[in-house]
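Student: Below you'll find the structure I mean.
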Amino acid sequence: MSSTKKWLIPKQHGAWAMLTIPFFLGAYAGGFTWLHIPLFIGWLALYLATYPLLTAIKLKRKEYLPWFYRYSVVAVLMFVIPIYYQVKLLYFGIAMVPFFIINIYYARKKKERDFVNDVAAITSFCIGGLASFYMGNGQFTMTALELFMFCFLFFIGSTFYVKTMIREKIILSINGFPGDIIYY
């Protein structure tokens, strides 16, 4: 895979929803400002940076790292703008670090689909929603906490649902039934 010919973009549709929904709900509930634009671009670039990094860790292949560096530079450059106006946004970034360490651990073990890893990723995405709320409101309120919990519980429920559907499809396939046809 050449690092210059093709964009490296995650294919997990659910993760894209988890990336955007808490952020935009936070911007809506906290009050949208122009600073949400660079904050979102940075947030998107940060997410895009984690994918090649975790892939490089999982596969032990350095060819993914140039994408990590490119996306990381964009993330840092975009985050500088909102952090200049709201330096306390750094606390939200710090709060995400332990959850990202969990993601790294599961990437090394090649068990990214483990439920604990899912919870860690969902928590990080929901913290992004808190940061977006804080960017507009400048405060951490009960509304922010409710927003966090709403998104967290919704995506945890979605994770259970998806894992159940995959498990059912596998069981049907093992028993000789074409799981796709029966399920749909």
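Mapping to the numbering used here: the sequence shown position 137 is 155, numbers consecutive. We put the beta carbon where it would ideally sit given N, CA and C, even for glycine.
Quick check on residue 85: buried or exposed, where buried means 16 or more other Cβ atoms within 10 Å of its Cβ?
Tutor: On the sequence shown, residue 85 is found 67 positions in, with the first residue counted as 1. Buried, by the Cβ-count rule.
Student: Using only the heavy atoms of the ligand ATP, determine whether one of them is closer than 7 Å to the beta carbon of residue 47.
Tutor: You won't find the ligand ATP in this model; it holds no ligand whatsoever.
Student: Are there 16 or more other CB atoms within 10 angstroms of the CB of residue 58, so buried, or fewer, so exposed?
Tutor: Taking the sequence shown and counting its residues from 1, the one referred to as residue 58 is at position 40. Residue 58 should be labelled buried.
Student: State the Cα-Cα distance for the pair residue 34 and residue 157, rounded to the nearest angstrom.
Tutor: What you label residue 34 is simply residue 16 of the sequence shown in a count that begins at 1. What you label residue 157 is simply residue 139 of the sequence shown in a count that begins at 1. Spanning the two alpha carbons is a distance of roughly 26 Å.
Student: Can you grab the Cα-Cα spacing for the pair residue 142 / residue 118, in whole Å?
Tutor: Looking up residue 142 in the sequence shown gives position 124. Looking up residue 118 in the sequence shown gives position 100. Roughly 8 Å between the two C-alpha positions.
Student: Considering residue 79, what are the terminal residues of the alpha helix (DSSP H) in which it resides?
Tutor: Residue numbering aside, residue 79 sits at position 61 when the sequence shown is read from its first letter. Element bounds for residue 79: n/a, residue is neither H nor E.
Student: Using the beta-carbon count (16 or more within 10 Å), is residue 112 buried or exposed?
Tutor: By 1-based counting over the sequence shown, the position of residue 112 is 94. Counting Cβ neighbours within 10 Å, residue 112 comes out exposed, since fewer than 16 surround it.
Student: Out of curiosity, what's the CA-to-CA distance linking residue 104 and residue 160?
Tutor: By one-based count along the sequence shown, residue 104 stands at place 86. By one-based count along the sequence shown, residue 160 stands at place 142. Approximately 20 Å between the Cα atoms of the pair.
Student: So does the region 168-179 actually touch the region 47-63, counting three or more Cβ pairs closer than 8 Å?
Tutor: no
Student: For the alpha helix (DSSP H) that contains residue 126, what are its first and last residues?
Tutor: Walking along the sequence shown from the start, residue 126 turns up at place 108. Start and end: 107-126.
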